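2 protein chains.
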Amino acid sequence: MPLQTIQTHIPAGFIDLGVGDPQFDLLPLQLLRDAAQDRLSQSDNSFLQYGAEQGDGYFRAALADFLSPRYGFPVSYEELFVTSGISGGLDLLCTLFTKPGDTIFVEEPSYFLALRIFADHGLRVVSIRTDENGLVSEELIEALKIHRPKFLYIIPTFQNPSGHTLSEERRAQIVSIAQERGFLILADEVYQFLSYTLIPPKPFGAYINSEHVISLNTFSKILAPGLRLGWLQTHASLMQKIVSCGVLDSGGGMNPFTSAIVRSVIETGGLEKNIDRLVSVFSTRVNVMDECLRQHLPDARFTTPHGGYFFWVNLPGIDAQALQTRARTHQVGLRPGIRFSSQNGLQDYFRLSISFYDSDQIEEGIIRLKRSVS
Amino acid sequence: MPLQTIQTHIPAGFIDLGVGDPQFDLLPLQLLRDAAQDRLSQSDNSFLQYGAEQGDGYFRAALADFLSPRYGFPVSYEELFVTSGISGGLDLLCTLFTKPGDTIFVEEPSYFLALRIFADHGLRVVSIRTDENGLVSEELIEALKIHRPKFLYIIPTFQNPSGHTLSEERRAQIVSIAQERGFLILADEVYQFLSYTLIPPKPFGAYINSEHVISLNTFSKILAPGLRLGWLQTHASLMQKIVSCGVLDSGGGMNPFTSAIVRSVIETGGLEKNIDRLVSVFSTRVNVMDECLRQHLPDARFTTPHGGYFFWVNLPGIDAQALQTRARTHQVGLRPGIRFSSQNGLQDYFRLSISFYDSDQIEEGIIRLKRSVS
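Protein chains in written order, with the numbering used here: chain A, 28 to 401; chain B, 28 to 401.
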């Protein structure tokens with residue numbers, strides 16, 4: 028029996044349109060081989076030592092140079108901290124900024140696996156309504172009459188699962204509210220660079236001078252999840268608390284070895300090329316899924332995503348969990364909306380992803396879904 | 028100004044005998060270059076995907092094959108879980124098994140940076156006396172009359188800082204006590220393979236069937252700290268809770284990319300050769316430091332370590348913090364005992380390390396220390 032390497036197992040012949048993993052063909056082995064060759068054939072071996080708590084300065088400088096033109100504002104390496112991915116970053120921030128029983132705010136819907144991290148830290152989750160322009164500021168203000176959250180966790184751009192993007196106006200509003208009311212904003216900007224038909228607003232990194240914002244990002248969707256490498260951007264006042272935590276004092280910075288290799292990926296222009304390729308591939312797939320849904324599921328309500336991985340589909344009157352069960356017999360998968368709800372709602376919604384299958388399989392998957400619905 | 032890559036900075040000309048980092052010359056760049064070349068030139072790119080929560084099965088199988096003959100009992104890959112090093116492992120276990128305000132037990136003295144991780148989790152630390160044979164069981168029994176700890180954190184072999192090794196008899200006793208009284212033993216076995224003049228007792232991995240033991244280990248001291256890769260070994264009943272935590276569900280297993288490369292290091296025999304080299308180098312240095320201390324600091328009381336990194340030196344009547352200050356003016360460093368105490372004790376002790384300097388520098392450092400004392 029083969030041993031397990033990967034997290035997600037999909038039976039042969041099954042098309043799981045619910046899966047949010049990148050397709051294997053899109054994981055750039057050669058790019059990483061070349062980068063490893065470049066970095067490991069130099070004489071410097073300092074990345075094998077306990078690393079600086081904030082992360083390798085040269086890696087952060089390369090990353091800052093990469094981010095500045097794409098974010099549209101100057102990013103300094105001093106504002107960047109290396110994480111082991113967004114999940115690891117959220118886990119660290121929960122340890123440092125919360126204690127069990129504390130309240131936090133999330134969007135409704137939100138990324139269900141982040142909710143599991145918060146549960147491990149014993150946090151009470153209150154969800155705030157969203158619309159096509161993301162989190163509704165008025166609802167946030169209402170919730171603050173009852174609760175005093177430690178932080179708001181938000182996925183502002185091409186949200187998971189809704190695909191919606193928070194408007195620039197609301198970003199500024201929400202930051203003001205956070206300053207006034209004294210809570211942090213943890214912005215998960217994982218899909219920021221995967222934009223197809225819309226240039227998204229500036230990420231929350233633009234608001235770090237408020238001293239109430241931590242912007243998290245990762246190489247998982249723009250390079251490879253198996254690297255377990257990401258970063259956060261924040262103000263010096265918050266950075267100080269993060270870099271002086273015990274786990275970094277003991278083990279040094281996160282992932283110096285992988286950082287050194289990814290530094291080569293960035294410096295040689297490989298990251299830019301890889302993102303261009305992903306945007307090209309995913310743009311096509313969005314069009315395919317869009318057409319297929321319109322053709323085969325004419326009752327489905329959805330907004331065509333401008334970026335990211337996900338179609339958030341509403342089929343009025345349907346129970347998406349029951350649909351998932353029927354769909355399995357037709358060899359197709361989806362993620363029911365209830366999994367993204369903090370209040371057992373969204374039962375007539377489901378999430379589909381363009382990340383794991385190419386166009387032909389997406390079409391076949393939607394045809395199977397049609398059979399499951401009717 | 029050069030950017031910061033590494034954690035520890037030592038001014039030119041200064042000999043910091045307190046530092047517990049490995050020397051740069053002992054970080055095997057070529058070994059990792061060859062391993063990366065081997066792994067990344069194959070067609071399989073599955074280690075770039077979200078990885079299995081417990082860690083790559085093939086890596087764990089290679090590690091189990093490596094451990095079994097060295098531990099002297101069969102280790103199954105099913106008992107192994109991949110961590111981002113012992114610090115990351117301890118942090119995860121604190122999140123999963125404790126809440127702020129809980130009590131834990133540590134040795135007196137103990138590794139001061141682990142104490143910082145426990146502080147971040149709001150844990151109350153109670154320290155238990157040790158002697159030449161490690162933790163004193165009777166003192167543990169006494170402390171249990173007052174406290175109900177969630178776990179005992181222990182460094183059983185070539186302890187940091189004392190260098191002492193817990194006897195086999197006491198290991199069995201302590202495990203029995205943990206079972207009876209319902210607390211976990213978190214055993215930090217970081218120096219297990221660095222044995223020079225004594226074959227240590229079996230690690231706590233031998234006791235996992237008690238269902239009260241988690242044995243932690245790392246590649247930091249036998250390969251390179253910058254990899255941020257380690258493992259823990261435990262019983263299926265505890266493994267279940269660990270692998271199903273939120274941060275793994277979201278991000279997948281820890282460090283699949285680095286695991287895949289280190290798998291090649293193990294499978295090609297490179298890890299074994301590297302350990303042999305380290306044992307040879309460090310054995311010589313222990314002899315040098317031992318002779319130098321006897322010659323230049325005849326009042327110093329210490330036990331020559333049989334393994335690991337550290338000399339734990341007692342100079343009766345001296346204030347080791349004041350000595351540290353004077354030593355700085357002589358361009359030599361040490362770690363005062365008070366840093367390893369949970370009760371502000373051990374003031375006439377200090378820790379010296381053989382890990383960062385070769386024999387000539389160790390001799391020069393001890394001569395400088397002599398000048399600082401007199």
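From the three backbone atoms N, C-alpha and C, an ideal C-beta is built for every residue, glycine too. On a predicted model such as this, the values are computed, not experimentally measured, just so you know.
Using the three-state DSSP reduction, which class does residue i fall into: helix, strand or coil?
{"i": "Y77(B)", "result": "coil"}
{"i": "E135(B)", "result": "strand"}
{"i": "D129(B)", "result": "coil"}
{"i": "T331(B)", "result": "coil"}
{"i": "V306(B)", "result": "helix"}
{"i": "D317(A)", "result": "helix"}
{"i": "G364(B)", "result": "helix"}
{"i": "L193(B)", "result": "coil"}
{"i": "I381(B)", "result": "coil"}
{"i": "Y376(B)", "result": "strand"}
{"i": "R198(A)", "result": "helix"}
{"i": "N282(B)", "result": "coil"}
{"i": "T110(B)", "result": "strand"}
{"i": "V153(B)", "result": "strand"}
{"i": "V340(B)", "result": "strand"}
{"i": "L213(A)", "result": "strand"}
{"i": "P291(B)", "result": "Per the sequence shown, the amino acid found at residue 291(B) is Ser instead of Pro. Reduced to three states, the DSSP call for S291(B) is helix."}
Please confirm whether residue i has its beta-carbon closer than 7 angstroms to some beta-carbon of chain B.
{"i": "R97(A)", "result": "no"}
{"i": "G278(A)", "result": "yes"}
{"i": "K126(A)", "result": "yes"}
{"i": "S291(A)", "result": "no"}
{"i": "V274(A)", "result": "yes"}
{"i": "S271(A)", "result": "no"}
{"i": "Q267(A)", "result": "no"}
{"i": "G112(A)", "result": "yes"}
{"i": "F74(A)", "result": "yes"}
{"i": "L30(A)", "result": "yes"}
{"i": "T122(A)", "result": "yes"}
Does any C-beta atom of chain A lie closer than 7 angstroms to the C-beta of residue i?
{"i": "L107(B)", "result": "no"}
{"i": "N282(B)", "result": "yes"}
{"i": "Y77(B)", "result": "yes"}
{"i": "A63(B)", "result": "yes"}
{"i": "S382(B)", "result": "no"}
{"i": "I212(B)", "result": "no"}
{"i": "D215(B)", "result": "no"}
{"i": "Q34(B)", "result": "yes"}
{"i": "D118(B)", "result": "yes"}
Less than 7 angstroms between C-beta atoms, sequence neighbours within five positions excluded: which residues of the same chain meet that for residue i?
{"i": "Y223(B)", "result": "V306, F309, S310, V313, H333, G334"}
{"i": "P363(A)", "result": "A347, Q348, Q351, F377"}
{"i": "L162(A)", "result": "E134, I155, I181, L193, R197, I201"}
{"i": "N282(B)", "result": "V109, S111, R255, L256"}
{"i": "G116(A)", "result": "T110, L243, G257, L259"}
{"i": "Q301(B)", "result": "Position check: residue 301(B) holds Asn in this sequence, whereas Gln was assumed. For N301(B), where only same-chain residues beyond five positions count, the Cβ hits under 7 angstroms are P55, L58, I249, L250."}
{"i": "K268(B)", "result": "L123"}
Might you give, ordered along the chain, the residues of its own chain that have their beta carbon closer than 6 angstroms to the beta carbon of residue i, omitting 5 neighbours on each side?
{"i": "A214(B)", "result": "I181, P183, F231, S242"}
{"i": "T331(B)", "result": "D317"}
{"i": "L171(A)", "result": "R208"}
{"i": "V102(B)", "result": "A91, L94, S95"}
Cutting at 8 angstroms between CB atoms, please list the residues of its own chain near residue i, excluding the five before and the five after it.
{"i": "H323(B)", "result": "I393, I394, L396, K397"}
{"i": "V359(A)", "result": "F41, I42, D43, L44, G392, R395, L396, S399"}
{"i": "Y336(B)", "result": "G47, F185, N187, Y218, L221, K248, F309, S380, I381, S382"}
{"i": "T356(A)", "result": "S399"}
I'd like to know whether the C-beta of residue i is nearer than 7 angstroms to at least one C-beta of chain D.
{"i": "G209(A)", "result": "Absent from the structure is chain D; the protein chains it does hold are A and B."}
Inside the segment 157-186 of chain B only - beta strand (DSSP E) runs reaching at least 3 residues
178-181
Chain B contacts from the segment 228-262 of chain A (Cβ-Cβ distance under 7 angstroms):
So the close ones are A251, P252, G253, L254, R255.
Residues of the segment 81-92 of chain A whose Cβ lies closer than 8 angstroms to any Cβ of chain B, in chain order:
Q81, D83, G84, Y85, R87, A88
Anything in the segment 131-162 of chain B with a Cβ closer than 7 angstroms to a Cβ of chain A? List those residues in chain order, please.
L140, A141, R143, I144, A146, D147, H148, G149
What are the residues of the segment 355-371 of chain A that lie near chain B, defined by any Cβ-Cβ distance shorter than 7 angstroms?
none
Segments of 4+ residues assigned as alpha helix (DSSP H) that fall wholly inside the segment 31-94 of chain A
56-67
Contact set between the segment 178-203 of chain A and chain B, restricted to residues whose Cβ is under 7 angstroms from the partner:
So nothing in the stretch comes that close.
Of the residues that make up the segment 39-66 of chain B, which ones have a beta carbon closer than 8 angstroms to any beta carbon in chain A?
Within the segment 39-66 of chain B, the residues whose Cβ lies closer than 8 angstroms to some Cβ of chain A are D48, P49, F51, L54, P55, L56, L59, R60, A63, Q64, listed in chain order.
Which ranges would you report for the alpha helix (DSSP H) in the segment 230-272 of chain A if only whole runs of at least 4 residues count?
263-270
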